[in-house]
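**Student:** Below you'll find the structure I mean.
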Amino acid sequence: MDPATLRAEFPVLNRYAYLNAGTCGPVPRTANMAIGEMLALGTERGRGTAYFEAMLDRRDRLRDAYAELLHASSDDVALTTCTSEGIVRVLGALDLRPGDEVLTSDEEHPGLQGPLVAARDLRGVVVRAVPFAQIAEAVGPQTKLVACSHVSWVNGRAVSGLADLDDVPVLLDGAQGVGAVAIDVATLGCAFYAGSGQKWLCGPVGSGMLWISPDWSERLPATGPTYMNLEDPGAGLDAVPRATAARHDASAQSAETHAAALAALEVLGGAGWPAVHERAADLAARLADALAERGREVAPRDRTTLVSWQDSDPEATRGRLADAGVIIRDLPGTGLLRASVGAWNDESDLDRLLSALP
Ligand SMILES: Cc1ncc(COP(=O)(O)O)c(C=O)c1O
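Encoded structure:
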């Protein structure tokens with residue numbers, strides 16, 4: 081990979097030290113163009129057969145590209161609008177009964193916490209939260225599901241020890257995982273992996289995926305199959321959901337969304353995923369070291385792409401950095417600032433951040 085060539089794909093980097101992919105990744109110019117082309121097709125030629133066929137083509141290719149990234153089969157990948165939607169679909173479909181325990185950690189994102197609270201309040205499931213690092217050892221006989229982050233959004237630590245749980249399915253929130261670190265769903269040992277398209281994959285807001293292990297697919301019925309999820313939508317009341325994970329696809333996603341998500345994946349995949357992952361992790365480690373050398377208290381992290389550190393007034397510092405052209409985020413309630421470092425960044429972005437810090 082030529083880092084300068086990759087960087088040149090992202091116009092935002094001409095202006096800002098953009099270090100916020102943990103919220104939304106930078107948009108490559110080709111994704112912008114793909115949206116424009118799809119809009120032009122619909123606007124100038126109408127949203128008839130050609131437009132619909134283009135949408136189906138991008139949808140299939142996007143599913144294939146997500147599957148390749150996860151080292152999975154396309155048949156096991158659903159296209160969702162975001163990580164949270166995948167989580168909602170899994171928690172809504174699993175056979176969880178009153179009193180069943182779902183084990184989670186005490187540093188999860190609202191994208192997981194919201195659906196967990198709903199499962200507790202509406203279905204009587206017991207939700208137990210333990211420290212992120214202790215989740216594997218906290219699994220007990222009453223645990224029916226483990227639901228937690230693959231990579232913590234708070235500090236960039238990666239979950240461990242969950243691959244060997246034989247009987248308990250694991251739902252991984254991969255919002256800070258997919259695109260940021262290499263993923264092989266079989267090695268992770270999870271039953272479900274929900275990810276975002278708009279973060280480390282640089283796609284549009286409204287894109288994402290849910291991988292469902294073939295071992296669990298029959299135990300995850302489609303709770304809301306609509307037109308695109310049915311094997312034969314014309315079969316009326318005899319219609320059945322598709323046999324593949326596509327039965328969990330989002331009810332509607334625009335052709336523009338699919339086209340842009342695919343274009344962004346082609347940019348990153350074109351640079352070579354292993355190189356993208358290595359470079360991002362190396363740069364993030366360099367930033368963490370530089371912050372520590374300057375006396376900042378960096379939160380314990382793993383070899384991922386997030387770097388968080390203590391600040392006396394994170395919200396104010398985040399605003400001051402934005403004024404200096406450095407885009408990061410603060411994590412409310414934690415005293416932390418968080419920088420998201422991607423392969424598209426370079427040392428100049430890190431230097432700009434370091435020199436703008438108070
Ligand atoms: C760990 C984690 N989970 C879930 C989400 C929500 O992601 P999405 O908007 O794709 O549902 C985020 C977003 O920041 C996150 O960091």
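The numbering of the sequence shown is this note's numbering, which starts it at 81 and goes up by one. No residue lacks a Cβ here, since even glycine has one placed at the ideal position from N, Cα and C. Here the structure is a predicted model, which means the values were calculated and not measured.
(1) Heavy atom of ligand 1 less than 7 Å from the Cβ of VAL176, yes or no?
(2) Checking 8 Å against the spacing of the C-beta atoms, do PRO354 and ASN235 come in under that value?
(3) If I measure Cβ to Cβ from ALA330 and keep anything under 7 Å in the same chain, skipping five residues before and after, which residues do I get?
(4) Rounding to the nearest angstrom, what Cα-Cα distance links LEU281 and ALA344 in this structure?
(5) In terms of alpha-carbon separation, which member of ASP180, TRP291, PHE272 lies closest to ARG200?
(6) Report buried or exposed for THR267, applying the criterion of at least 16 other Cβ atoms within 10 angstroms of its Cβ.
(7) Assuming ARG87 contacts ASP426 (C-beta within less than 8 Å), just tell me the rounded distance between them.
(8) Check each candidate in LEU183, ALA351, ALA341, ALA152 and name the one with the smallest Cα separation from MET135.
(9) I'd like the list of long-range same chain contacts for LEU416, defined as Cβ closer than 8 Å, with 5 residues on each side in sequence excluded.
(10) Would ASP175 pass as a contact of ARG327 if the rule is Cβ separation under 8 Å?
(11) DSSP state of LEU93, grouped into three classes?
(12) Taking three-plus beta-carbon pairs below 8 Å as touching, is the region 252 to 264 in contact with the region 300 to 314?
(13) Helix, strand or coil for GLY172, going by three-state DSSP, please let me know.
(14) Can we count SER388 as close to ligand 1, meaning its CB is less than 7 Å from some heavy atom?
(15) Between which residues of its own chain and TRP424 is the CB-CB distance below 7 Å, once the five residues before and five after are set aside?
(16) On the DSSP bridge list, what partners appear for GLY191?
(17) Between which residues of its own chain and ALA216 is the CB-CB distance below 6 Å, once the five residues before and five after are set aside?
(18) Using alpha carbons as the reference points, say which of THR384, ASP431, VAL421 lies closest to ALA404.
(19) Beta-carbon separation of SER420 and THR397 under 8 Å?
(20) Quick one: Cα of ARG127 to Cα of ASP137, how far?
(21) Pick out whichever of LEU183, GLN193, GLN222 has its Cα sitting closest to the Cα of ALA213.
**Tutor:** Taking the structure as given:
(1) It is Leu, not Val, that sits at residue 176 in the sequence shown. Flag unset: Cβ of LEU176 not near ligand 1.
(2) no
(3) LEU159, THR160, THR161, GLU165
(4) 7 Å
(5) ASP180
(6) exposed
(7) 6 Å
(8) ALA341
(9) VAL234, ASN235, ALA379, SER388, TRP389, GLN390, ASP391, PRO394, ASP410
(10) no
(11) helix
(12) no
(13) helix
(14) no
(15) LEU86, ARG87, PHE90, LEU93, PRO106
(16) Answer is none; GLY191 lacks a bridge partner.
(17) GLY241, LEU242
(18) ASP431
(19) no
(20) 15 Å
(21) LEU183
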